[in-house]
Structure formats: C-alpha cells, structure tokens
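Report on the following structure.
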Ligand code: HDE
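Residue numbers (our numbering): 248 to 949.
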C-alpha cells in the first residue's frame, strides 16, 4: 500500500463521510485495500508521484475542472495517441517468440552462419496474420495467412516474410495496390470486412488471369486453417544462396508444421467467428502457455540457374510453385515457438518485417513481385511506426552488435557519443567502418536488355499450375473448392463477373466449371476467355493436398467433454485419461460455469459454460450425461447445436446413454464416427482425424 500525505479535508456538502483527495469515497480507501498487493507508487511520465488517480482537479466539490490539472492532461493526451495506423494489409495478427535450430548445414551453398552452423539456436519472432481484415477483425475468415519470421542472427536480422500459400495473386508489384483495393471493404459502402466474397474482388480477379492459380489455393481449405500451429509457411519467391566462393544457388523456403496440416470445414469457420473471434490467437496462446510449443521444420528446394532454365515455368514468377516431385524438399532445421510476448503492442504490433532485411550469403532474385516488396515494407513502416528509428524498438533491434552514423529523427532513443557521425574519419578510433570481408555483397548477376514495361512471355501460362493444384486434391477437397467458389460467387451481385470467373475455371477443369455453374444455376456454361498459353497437364502432386498431409494424431488438439449434474465421474475420467494420454488437452463443458455435481457427489469444475462453449471450439467431443441431465438438455438449443455441429463438422463423438438421447433430440443419425462409451480407445483413434465420408450426409456440396 502506498503511503500518501494526508491533504487538507475538502469541504463537504453535508454528507456523512469526510472526503479527501486520497480517500475519494470517504471510505478509508477501501478501493485499494480490496485490490491488495504491494505496489510501486504511480507516477506521471516525468516521475512525479500521483496522489489521486480517481478524481480530476476541480474548483469546489462539484465545480469545473481546472486546465492546470497536468496529471489529467498527461493521462488523457497519452491515451488519445495510443493507436498507431494499422497495417494496410495483415492488420490482424498474433505472434510469439522462439528459436530456430539448424540441423543440416548448407555450407556448400551459402556463407550465412544461420544456414551453416548446425546446432546453433537463433532467436526468432514470428507473426501470423490474416490479410484483408482490420486489426479488430475475426481470426477465421476465408483468407490467406501471413507467416512472417524475424531471425535475430549473429550477422544481423533476416526477415523471411511469407504466407501459408506458396504462390501469389499477381506477378508484378505494380498491381498490388489494385489487388488490395479490390479485396478490402468496398470504398463507397464500407463492407464487407475481411472477406473476398464481393464484387470488387472477383471483378479484379476475372480481369487478372494470372491470379487463377492462387484462387485455387484461396478456395481450398488452406484458407480456413484449424490452428496457426497447423499451417505450412512459404517464402513464396525464389531467393538466392551465395557460398564463400561466390557461387549462387536458387532456393525456395518452406515451413512444415510438426502437427501436420489441418483445416476447419467452412460452416465451422463461419460459426467460430461468432463463438470465438480470437480463436487462433487464443489457441496459440494456450498452447504456448500450456507448454505445447508449436514446431515447424524448415525445408528448402535448391536448384541451379541451368536447372531453372529447363523448368516448364519461370522460377521468377510468384504465381508458380516448383512441385516437390520436381525439386525435392530438404529439411535443414526446426523452429519452436516457446514464449508468448510480454506486451501485445510493444511486440506484435510494433514488429516491423521487411523482406529487404537480409544477411550475407542470402540474396534476392529478379522476381518483380519481390523487387517491389523490397521497397514497400520499409516505406510502410515509416508511416506506420512514425519514425525511421523504428529499428531501435526492442522487438526490431538486432541482437548482434550494430553501429552506424545514422542520427537523430523522431523518437531517437540512443545517445551517441563523440564527434564523429560520418565515415571515413580519422578523429575517433572506435567509430564504425565498412568491412569488405564480412559485409553483405550483392551477387554480381549480369543483367542486360532494353528498358521496357513488359511482362515476359515466360510468365504467360496462367492455367497449367491451377489445373495441377485442383487435380492433385482428393475428391473431398475438390468438393470444398467447388462449394467455396459457389459461395463466393453467390455473394457477387454482377452477373457478368460471376460468368467471367466460371469462364476461367474452364481452363482449370471443365468439370469444376460445370459444378460451379450448376451451383450458381447459370443457364449455360460461359465461354472460356482466350488463353495466351493453353494449359498443359502436369503429373498430380499429392504434396499439394491438405488431407494427404494431415497427421493422425491428437497432439495439439482439444477434446471437449459435456457433463451435467449427475454425470458418471468414472466415465468422465476414463475419456479424459485416454484423450490426455494421446496428447490432447481436455476441457469440461457444463450447463453452469461453476461445474456439475457428479453421481458420486463430487463437484467437477467446468472450463466453459455450455451456451458460450459450443462444440465448434473442439476437435472431438464426449458427452457424459445423467438421465436427468439429458432430459433437461433436450430442451436447450445450445446442447442441440453442440451435438449437431460436432456431427456436421465431421468430428468424432463418444456418447453414453444420455448423450445418445441428446443425439436423437438433435436429429443426428449416428455413423461410424460416433462411438459408444464402451469404445473409448476407438473414439480416441477416431478423434485423430475427421470423418470426411460423413459430409455427403450433412450438406449439399457443389
Ligand atoms: Fe506483403 N505487405 N506485400 N506480401 N506482407 C505487408 O507491410 C506488399 C506479399 C506479407 O506480420 C505490408 O508491415 C507488396 C507477398 C506478410 O507484420 C506492406 C506486395 C507475401 C505481411 C506489404 C506484397 C507477403 C505483409 C503491410 C506485392 C508473401 C505481414 C504492413 C509486391 C510472400 C507482416 C507491413 C507482419 C505486410 C506490401 C505481397 C507477405 C504494405 C507491395 C507475395 C506476411 O508493406
């Protein structure tokens, strides 16, 4: 408790308790006594101790507030300026600290210490994000996810600013503002938020055939991930590695999640947005705080200039991927996220990623999208963070020694010493100098050609890889893509835009185009636009699937157990033990937050109250109810939805007699993904996957 000098009592208005500025309610400072703890004195930004943080300075007890009140003005002024501009894209993000550890040296290809020193642990800060929505938007819209990694290496910061999809919508950075304006909420009406399902987005897409490959990815379940921990990441562009002899190798970077890939189903993603707008952020937070540290492998695809010349596509075109069947992935390291940021604003919000942050031994390629990004990020940070000194913020500063002659500017934190702020100099022996041996050197690629604004012929095939992606998917995934296209286009009001998109789909897959046309009830199949390069068939690449990359595991997953008063405690424990033994986190849901009184009289605390904890937030559910409990819940729509949604979202369920009664009330006909309480092992095994075959029974897919 902070001791305060007792000021002179204020003149009362005849009320019984005497009021003073340190005892605002005249209650003996009950407010602070109740809060408890040992506290530092509260001060102004200048360090002056504040005597009263509850009342502004007034003339008389009910009189006007004085401008003189510097405590009030400082507090309100700071508050007024608390927000900084949000990122123009990727505004909504969640981040964590961790480390990268190299497991296989790339010394043959690069001199970068982070890629050559096996066993060395490099600190990282990783920010995941949606793209289109504002900072306060929800976590689960259909959207690409950013996957940005800042490596604090011994040789300076390296930012690998990637996405969870290996290709991009456009080939040239000059189109980026158009793409983003088309996807963001429409400027006249200010909606929709965080959604591609509207006219301006699809209008732009229909007129930009280079985007069709990315559209296939965006319409797949990759854009509705179950968890940030279950997403792949990609550097997207081709980069260069340069070794000690100056020889260069091209490289693509891939992150592969240890927990495997997993997505939600669309209906689940939609409902999650309401059930828990912070679903992904909370999931990452809970996993890290619970010691389940998410982990990814870093893989590389390496290829030479000569090999690249032989590819049937251009490695500098960011709308193309390099199939893993053509250039296999080599795993070279792992990344673990093991620490949640101390402060969201100081770290997650103020972190500034720039693809131009690179270290010796890694270099850029001529990908025109990458080249534009090299300019954009520094530029945007200047306006977003308000000063060229953003690099001094703790989250952005390198962890290796750094020094230069850049000076001054808004919010300068450093206090440089000495006379010398230039180079070369002879006046100060310790002033920083260039180092030709250890410094970054650009790979001396030879370039020639006429200056022009031209799209290379080698970028002209817009459909072959879109076709490759679609045809590499399982039938379930293809159905989801067709349905996603129907959903998105049914939100488009302009008929010619819908038709133009279906026209493009004919180059991807005639049957897909027909399904979407049918889903939109078009009278006839619209004509396909002229394709500069007719699509060619490439061998399917199973590496492009999600289902093929799902891991049959309960690790990192959450099992919900719905209980009521009178539930059998032994049955609850049996499910809990089996699910936890398989690596799951278990949460109890009860009609009341205080928990349920079990049949043995013991109280079981609940992690969530039924109405606020739908089955949507779990990967699998168990329902253990007393007869009375089941009877009551039959008339509770939250309980009916709990059953219906778990089934409809293709999840494993285990039910006792009460649970079965609730299933019947919900109109659910059990299938082989619904287990009896005598088959807990089978349930745990089933909970490691989703029951895709069930889907045809629960919804009409396009
Ligand atoms: Fe970005 N992008 N981008 N982008 N991007 C931004 O930088 C930009 C692109 C990506 O968590 C902005 O700090 C241009 C591809 C991520 O803080 C901005 C082009 C890929 C993040 C910007 C692209 C990305 C951003 C907005 C086309 C995947 C969030 C705020 C040439 C490889 C990083 C900011 C974070 C953020 C520009 C295309 C990934 C405006 C001009 C391709 C993960 O600078």
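Beta carbons are placed, not taken as given, at the ideal position from N, Cα and C, and that holds for glycine. Remember, it's a predicted structure, so these values are computed and weren't measured experimentally.
| Check | Outcome |
| --- | --- |
| Nearest neighbour of residue 473, chosen from 866, 754, 923 [CA to CA] | 866 |
| Cβ contact (3+ pairs, closer than 8 Å) linking the stretch 473 to 484 and the stretch 403 to 420 | yes |
| Identity of the residues DSSP links to residue 376 by a beta bridge | 340, 393 |
| When 888, 325, 877, 406 are compared against residue 643, the one with the closest alpha-carbon | 406 |
| Own chain partners of residue 290 with C-beta closer than 8 Å, once the 5 adjacent residues on each side are dropped | 296, 297 |
| Separation of residue 733 from residue 493, as counted between CA atoms | 51 Å |
| Nearest residue (CA-CA) to residue 349, options 450, 543, 313, 508 | 543 |
| Helix, strand or coil at residue 286 [DSSP, three-state] | coil |
| C-beta contact flag for residue 714 and residue 516 at 9 Å | no |
| DSSP state of residue 348 mapped onto helix, strand, coil | strand |
| Under the three-state DSSP convention, the category residue 727 falls into | helix |
| Selection from 419, 430, 434, 466 that minimises the alpha carbon distance to residue 717 | 466 |
| Range of the contiguous alpha helix (DSSP H) that encloses residue 743 | 742 to 755 |
| Beta-carbon spacing of residue 938, residue 869 below 9 Å | no |
| Coarse secondary structure for residue 559, derived from DSSP in three states | coil |
| Any non-hydrogen atom of ligand 1 within 8 Å of residue 616 CB | yes |
| Where residue 566 falls, given that 16 or more other Cβ within 10 Å makes a residue buried | buried |
| Straight-line gap, residue 444 to residue 946 (C-alpha atoms, nearest Å) | 20 Å |
| Pairwise C-alpha distance: residue 480 and residue 941 | 30 Å |
| Delimiting residues of the beta strand (DSSP E) encompassing residue 486 | 486 to 489 |
| Buried or exposed by the 16-neighbour rule on C-beta atoms within 10 Å, applied to residue 312 | exposed |
| Exposure label - residue 658; buried when at least 16 CB within 10 Å | exposed |
| Residue from 873, 292, 340 with nearest C-alpha to residue 319 | 292 |
| Heavy atom of ligand 1 within 8 Å of residue 565 beta-carbon | yes |
| Spatial distance of residue 774 from residue 750 (CA atoms) | 5 Å |
| Paired residues, beta bridge with residue 410 - DSSP | 393, 481 |
| Range of the contiguous beta strand (DSSP E) that encloses residue 496 | 495 to 504 |
| Simplified DSSP assignment, three categories, for residue 399 | strand |
| Extent of the continuous alpha helix (DSSP H) to which residue 577 belongs | Not the alpha helix (DSSP H): residue 577 falls in the beta strand (DSSP E), residues 577 to 586. |
| Candidates 447, 427, 426: closest to residue 436 by CA position | 447 |
| Local Cβ density within 10 Å of residue 712, reported as buried at 16 or more and exposed below that | buried |
| Any non-hydrogen atom of ligand 2 within 8 Å of residue 727 CB | This structure simply doesn't include ligand 2; it includes ligand 1 instead. |
| For residue 807, three-class secondary structure by DSSP | strand |
| Length of the line joining the Cα atoms of residue 932 and residue 475 | 23 Å |
| Stretch pair the stretch 808 to 815 + the stretch 873 to 883: three plus CB contacts closer than 8 Å | yes |
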